[in-house]
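Residue numbers (the UniProt record's numbering): 1 to 552.
Just so it is clear, CB atoms sit at the ideal spot from N, CA and C, and this is done for glycine as well.
Computed from a prediction, not measured in an experiment: that's the story for all the values here.
Quick look at the structure:
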């Protein structure tokens with residue numbers, strides 16, 4: 001069955017290649033990967049250089065061989081002349097099959113390959129989309145070796161068609177903590193399937209968070225601690241063992257437990273169910289710590305057309321003790337709830353931002369013109385910003401004490417929506433740059449009482465018509481857009497690829513559910529999606545509230 005699936009997938013790629021006039025011979029053959037991992041359906045086994053191949057064929061074969069990372073890309077290195085330096089781990093360029101073109105100099109000593117990059121993965125496995133239509137040209141030098149053309153100079157890294165990339169590389173999450181060690185924060189990376197476990201362990205113990213997350217997350221692993229070796233080994237009873245140096249024995253139990261938690265959570269995304277830290281082969285005593293969950297309450301929080309606010313249970317709205325009356329008194333146009341439901345951030349119909357507390361008090365926090373929907377951070381502050389001045393973000397205490405947020409959305413000319421992740425370490429926004437709407441995320445950095453945003457990381461360079469946004473889970477940002485009367489839900493991976501699907505007609509707001517996605521349309525109808533279908537949940541709803549998690 002695996003070979004059948006592989007052959008079908010490969011045939012599709014080759015058929016597409018044939019449509020473009022690119023060579024279809026010698027691409028790859030399906031085969032088992034270097035590991036006997038049953039979760040790996042197949043691995044590409046590319047061909048080596050053919051006798052009497054032209055310079056263009058040698059370069060194209062070398063690029064195709066980037067799909068075979070076995071033995072440190074041994075097949076690709078067969079296309080290189082002896083002594084040629086080439087680092088396949090430097091980066092992955094992901095390009096479009098239809099756009100790749102090769103041309104050789106008359107004497108065969110150089111070949112240029114033009115392509116359109118759609119994304120890139122850096123040496124640390126961090127994924128970033130490319131701006132639409134990003135053109136690149138790769139230059140190769142060649143010489144004859146034993147009367148055969150071989151490459152003497154090649155750009156570092158590999159190049160993979162976007163159809164091939166997810167079969168050669170897979171996602172895994174490096175698990176960090178928030179600065180208070182309450183939540184696990186996933187840092188999504190892409191690694192070759194055959195190497196994923198060892199690459200995950202190395203990235204966690206010896207590496208650093210992705211650049212845009214640096215300063216927003218914490219690790220229990222000391223900077224001076226390194227892996228012994230660069231691999232994860234399996235014991236006879238199937239437990240993955242991670243070898244640490246003697247210095248690990250001097251660490252306190254709290255730190256060791258947190259280290260164990262990070263390792264276990266990270267390697268679980270690589271398909272490993274049980275992990276053990278060891279020193280000289282002897283297990284270290286450590287257990288996982290409990291962390292807070294980031295799921296939301298299974299009941300939607302809504303404001304009805306009749307003005308009642310609370311948790312929707314069937315056909316009734318159950319008031320939230322102490323809070324519902326305060327929210328209702330503010331006449332909300334948008335609401336976000338803190339995880340324990342003791343606080344609500346409200347944008348009123350008049351456009352101001354206010355707080356509602358469970359003791360019934362309300363406070364006017366921000367009355368600047370053009371404010372967008374506010375969001376609540378992990379410390380209970382309410383973040384507010386005018387649409388036309390994205391840099392003027394304020395984090396305001398529930399009682400009204402403001403703090404400016406530094407480095408907020410530089411170079412953005414407008415902000416349409418923003419929301420803080422439920423672990424409190426990241427913020428996502430729809431911004432406008434040079435007339436184009438884009439989706440950005442940034443880490444939230446707190447130092448000596450100051451709040452700053454880290455460098456923005458682009459999730460989408462082109463999101464025309466987008467108007468609302470929500471964290472659907474720890475690694476996915478949902479974005480609503482509308483064009484030509486069609487509503488679309490874009491699910492953007494934070495550190496990965498995304499998917500698009502049609503949303504109910506007239507959808508105007510979005511919120512995460514416990515196991516679903518929820519949207520509200522302009523007729524007051526609330527829908528919930530599980531799988532690929534939308535189900536009508538309720539009618540007569542004026543506001544669908546966002547939730548910053550749950551205490552249960």
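Since residue 95 is in the beta strand (DSSP E), which residue starts that stretch and which ends it?
91-95
Can you find the residues in the same chain that come closer than 7 Å, C-beta to C-beta, to residue 36, ignoring five residues on each side of it along the sequence?
Residue placement at residue 36 is flagged as unreliable, the pLDDT there being 31, under the threshold of 50; a coordinate-derived value is accordingly withheld.
In chain order, what residues of the same chain have a beta carbon less than 6 Å from the beta carbon of residue 145, not counting five sequence neighbours either side?
81
With a floor of 4 residues, list each alpha helix (DSSP H) that falls wholly inside the UniProt domain "GerMN" (197-288), ordered by position along the chain.
253-268
Exposure label - residue 245; buried when at least 16 CB within 10 Å:
exposed
When the Cα of residue 514 is compared with those of 376, 550 and 135, which residue comes out closest?
550
From residue 496 to residue 188, what does the alpha carbon distance come to, in whole angstroms?
7 Å
Just reading off the beta strand (DSSP E) that residue 61 is part of, what are its end residues?
First-last for residue 61: 55-64, but that is the alpha helix (DSSP H), not the beta strand (DSSP E).
So residue 98 is in the beta strand (DSSP E); what residue range does that whole segment cover?
Careful: residue 98 lies outside any beta strand (DSSP E) and carries neither H nor E.
Would you check whether the ligand MG has a heavy atom nearer than 6 Å to the C-beta of residue 365?
Absence of the ligand MG is noted for the structure shown, with no ligands found whatsoever.
Nearest neighbour of residue 200, chosen from 183, 478, 233 and 375 [CA to CA]:
233
Out of 223, 286 and 359, state which residue places its alpha-carbon closest to the alpha-carbon of residue 398.
359
What residue ranges within the stretch 83-170 form continuous beta strand (DSSP E) runs of no fewer than 3 residues, ordered along the chain?
91-95, 101-104, 110-122, 127-145, 148-153 and 158-161
Identified DSSP bridge partners for residue 343:
357
How many angstroms separate the CA atom of residue 296 from the CA atom of residue 433?
32 Å
Please classify residue 124: is it buried, with 16 or more other beta-carbons within 10 angstroms of its beta-carbon, or exposed?
buried
What residue does the beta strand (DSSP E) around residue 601 start on, and which one ends it?
This structure gives no information on residue 601, because the portion of the chain shown stretches from 1 to 552.
Beta-bridge partners of residue 498, as assigned by DSSP
492
So residue 453 and residue 430 are in contact, right, with Cβ under 8 Å, and what is the actual spacing, rounded?
Their Cβ separation, rounded to whole angstroms, is 15 Å, which puts residue 453 and residue 430 out of contact at 8 Å.
Going by CA-CA distance only, name the one from 348, 304, 410 and 532 that's closest to residue 540.
304
Taking 7 Å as the cut-off, decide whether the C-beta atoms of residue 294 and residue 377 are in contact.
no
Can you tell which of 79, 78, 56 and 548 has its C-alpha closest to the C-alpha of residue 342?
548
Backbone CA spacing between residue 100 and residue 421 [nearest angstrom]
38 Å
Just verifying my parser: in three-state terms, what is the DSSP assignment at residue 38?
With a pLDDT of only 32 at residue 38, under the threshold of 50, the placement of this residue in the model should not be trusted, and no figure is reported.
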